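Colleague: One structure follows; several queries about it will come next.
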């Protein structure tokens, strides 16, 4: 009787269980490798407008994790270099991500740069490397698509540089971050997706009078400037009518 | 005899689960396997074979291979098995009712943007875009050439 039930159980498990297993991309270079070699074939899963898919295409989305983004400019000065930092909880030692900056239609927006590790803080550096390393590399394809690949190496945060383009001041910062539970499978991982516009405030043109000071106007200042102009116009109109 | 009865019930349930009110009947089509291996398989691997998309056994259309979902790592001929399974599933996606061309089969309409003549697809990206936004995309053209050269799978009835 027992053996009969065991056999039934075996049949059920055999019928229902999936036989598939999946291997993640531990080496970021595999994203750009041909699919025939097990690579991504040029898909980087940055969630950017150039691609649209993130790590959750394969990894489980899981519960959200708070990631602090620092250094993303609200106002983009053309040709300026910015250092951007992504900081996640320190109890997450196994984190990997790909980063991309694009325009609204998915074209490259500025240049992402992997900085010299010697210019980074200890939190940015790999814990598993003897030499100072941030685990970062930049992939540039034939179409000029530029993706910053950041390997899982025990870092507590990651910092990278971005040089803004000369002609555009508005774009999107996109990344999809995998927090692995290191079980070698895709389930149980957590994915944080970020696709954020930035530089939009630069579309607000400062009043010409503010250019003298060389400082960006506050909203209150711009409002006061407009009210002053309106008052002068109204006063002139009143005088004209009186005359 | 208990196990035999259980097996019979299970098979009956499987048959019931796979059957629809309007059961499909017909033959699977044929398409060049060499071309599939050389051109189609890489496109399907790149664009469809993700673990949360078509790299799972629960979906009718399945894509298996290295760097994606694997069928069974213990099999010595795993690469052949995965390509054969993917080929069979791709063929099944060349289905039409027989009166329509292969260009209207799910293999070509499902990944294509609605505005370009495609169909709805759960695999739209974060911005609501389908895999191929136009018929001019290289991946779509490769699939299209292969589909046009196939005999397609034609039958009657059934629901996709």
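Chains as they are written, first to last, in the working numbering: chain B, 1 to 243; chain E, 1 to 160. Every residue gets a Cβ at the ideal spot worked out from N, C-alpha and C, and that includes glycine. Computed from a predicted model, the values in this text were never measured in an experiment.
Below 8 Å CB to CB, which residues in the same chain sit around residue 191 of chain B once its five sequence neighbours on both sides are set aside?
Modeller: Closer than 8 Å at the Cβ level, and outside the excluded window around residue 191 of chain B, lie 54, 55, 56, 59, 60, 61, 62, 176, 177, 178 and 179.
Colleague: With DSSP as the reference, label residue 158 of chain B as helix, strand or coil.
Modeller: If DSSP states are grouped into helix, strand and coil, residue 158 of chain B belongs with the strands.
Colleague: If I measure Cβ to Cβ from residue 21 of chain B and keep anything under 6 Å in the same chain, skipping five residues before and after, which residues do I get?
Modeller: Note on residue 21 of chain B: pLDDT 48, under 50, position unreliable in the model; the coordinate value appears next. Contacts found: none.
Colleague: Here's a check: name, in chain order, each residue in its chain whose Cβ is nearer than 8 Å to the Cβ of residue 135 of chain E, leaving out the five neighbours to either side.
Modeller: 112, 116, 117, 141 and 144.
Colleague: Kindly list, in the order they appear in chain E, the residues whose Cβ is closer than 7 Å to that of residue 192 of chain B.
Modeller: Going along chain E, no residue has its Cβ under 7 Å from residue 192 of chain B, so there is no contact; the nearest lies around 13 Å.
Colleague: Could you tell me how far apart the beta carbons of residue 31 of chain E and residue 91 of chain E are, in whole angstroms, since I believe they sit closer than 8 Å?
Modeller: So it is a contact: roughly 6 Å between Cβ atoms.
Colleague: For residue 137 of chain B, which of helix, strand or coil comes out of DSSP?
Modeller: In this structure, residue 137 of chain B counts as strand in the three-state DSSP scheme.
Colleague: Roughly how far, in whole angstroms, is the beta-carbon of residue 134 of chain B from the beta-carbon of residue 158 of chain B, given that I think they are within contact range, below 8 Å?
Modeller: 7 Å between Cβ atoms; contact.
Colleague: How would you list, in chain order, the residues of chain B whose beta-carbon sits under 7 Å from the beta-carbon of residue 189 of chain E?
Modeller: No answer is possible for residue 189 of chain E: the residues shown for chain E start at 1 and end at 160.
Colleague: Please decide whether residue 214 of chain B counts as near chain E, where near means a Cβ-Cβ distance under 8 Å.
Modeller: Any reading at residue 214 of chain B must be qualified, since the residue scores a pLDDT of 33, below 50, and its modelled position is unreliable; no value is offered.
Colleague: Between the Cα of residue 106 of chain B and the Cα atoms of B/81, B/145, B/32 and B/96, which residue gives the shortest distance?
Modeller: The candidate whose alpha carbon is nearest that of residue 106 of chain B is B/145.
Colleague: For residue 46 of chain B, which residues of its own chain have a beta-carbon under 8 Å away from its beta-carbon, when the five flanking residues on both sides are left out?
Modeller: Result list for residue 46 of chain B: 54, 98, 99, 100, 147, 174, 175 and 176, in chain order.
Colleague: Please confirm whether residue 186 of chain B has its beta-carbon closer than 8 Å to some beta-carbon of chain E.
Modeller: Output row for residue 186 of chain B: interface = yes.
Colleague: Here's a check: name, in chain order, each residue in its chain whose Cβ is nearer than 7 Å to the Cβ of residue 32 of chain B, leaving out the five neighbours to either side.
Modeller: The answer, listed in chain order, is 39, 40, 42 and 139.
Colleague: Count the other CB atoms within 10 Å of the CB of residue 44 of chain E; is the residue buried (16 or more) or exposed (fewer)?
Modeller: By the neighbour-count rule (16 or more Cβ atoms within 10 Å), residue 44 of chain E is buried.
Colleague: Run through the DSSP bridge pairs and tell me what residue 175 of chain B is partnered with.
Modeller: DSSP, once it has assigned bridges, lists B/99 and B/194 as partnering residue 175 of chain B.
Colleague: Skipping 5 residues on each side, what residues in its chain have a beta carbon closer than 8 Å to that of residue 78 of chain E?
Modeller: Hits under 8 Å: 70, 71 and 72.
Colleague: Are the C-beta of residue 35 of chain B and some C-beta of chain E separated by less than 8 Å?
Modeller: Output row for residue 35 of chain B: interface = yes.
Colleague: Taking its Cβ as the centre, do 16 or more other Cβ atoms sit within 10 Å of residue 127 of chain E, making it buried, or is it exposed?
Modeller: With fewer than 16 Cβ atoms within 10 Å of its Cβ, residue 127 of chain E is classed as exposed.
Colleague: Buried or exposed, going by whether 16 or more other CB atoms sit within 10 Å of the CB of residue 102 of chain B?
Modeller: Buried, since its Cβ has 16 or more Cβ neighbours within 10 Å.
Colleague: Taking Cβ-Cβ distances below 9 Å as the criterion, which residues of the stretch 126-151 of chain B are in contact with chain E?
Modeller: Correct list: empty, as no residue qualifies.
Colleague: Measuring only the C-alpha atoms, how far is residue 151 of chain B from residue 42 of chain E?
Modeller: Distance between the alpha carbons of residue 151 of chain B and residue 42 of chain E is about 25 Å.
Colleague: On the premise that residue 75 of chain B lies in contact with residue 199 of chain B, defined as a C-beta separation below 8 Å, what is that separation, rounded to the nearest angstrom?
Modeller: Yes, residue 199 of chain B and residue 75 of chain B are in contact; Cβ-Cβ is about 7 Å, under 8 Å.
Colleague: State the Cα-Cα distance for the pair residue 125 of chain B and residue 36 of chain E, rounded to the nearest angstrom.
Modeller: Residue 125 of chain B and residue 36 of chain E: Cα-Cα distance of roughly 44 Å.
Colleague: Starting from residue 113 of chain B, follow its DSSP beta bridges and name the residues at the other end.
Modeller: BP columns for residue 113 of chain B point to B/161.
Colleague: If we define contact as Cβ-Cβ less than 8 Å, is residue 53 of chain E a contact residue for chain B?
Modeller: Yes - at least one Cβ of chain B is within 8 Å of the one on residue 53 of chain E.
Colleague: In the DSSP assignment, find the beta strand (DSSP E) that holds residue 82 of chain B and state where it starts and stops.
Modeller: Per DSSP, residue 82 of chain B belongs to the beta strand (DSSP E) from 81-87.
Colleague: Relative to the C-alpha of residue 67 of chain E, which residue among B/73, B/82, B/26 and B/141 is closest?
Modeller: Measuring from the Cα of residue 67 of chain E, the nearest candidate turns out to be B/26.
Colleague: What does the Cβ neighbour count give for residue 66 of chain B, buried or exposed, with the cut at 16 atoms within 10 Å?
Modeller: Result: exposed.
Colleague: Name the chain E residues whose beta carbon is nearer than 7 Å to that of residue 153 of chain B?
Modeller: Going along chain E, no residue has its Cβ under 7 Å from residue 153 of chain B, so there is no contact; the nearest lies around 21 Å.
Colleague: Tell me whether residue 103 of chain E sits in a helix, a strand or coil according to DSSP, three-state version.
Modeller: The answer is helix: DSSP assigns residue 103 of chain E an H, G or I state.
Colleague: When Cβ atoms are compared, which residues of the stretch 60-92 of chain E fall closer than 8 Å to chain B?
Modeller: So the close ones are 64, 65, 66, 67, 68, 69, 70, 71, 72 and 73.
Colleague: Please go through the same chain and pick out, in chain order, the residues whose beta-carbon is closer than 6 Å to the beta-carbon of residue 87 of chain B, but skip the five residues on each side of it.
Modeller: 68 and 157.
Colleague: So if I threshold CB-CB distances at 7 Å, which residues from the stretch 29-48 of chain E count as touching chain B?
Modeller: Residues 42, 45 and 46.
Colleague: Look up residue 138 of chain E in the DSSP assignment and say whether it is helix, strand or coil.
Modeller: Looking at residue 138 of chain E - three-state DSSP - the assignment turns out to be helix.
Colleague: Taking 8 Å as the CB-CB cut-off, is residue 30 of chain B touching chain E?
Modeller: Chain E, which has a Cβ nearer than 8 Å to the Cβ of residue 30 of chain B, makes this yes.
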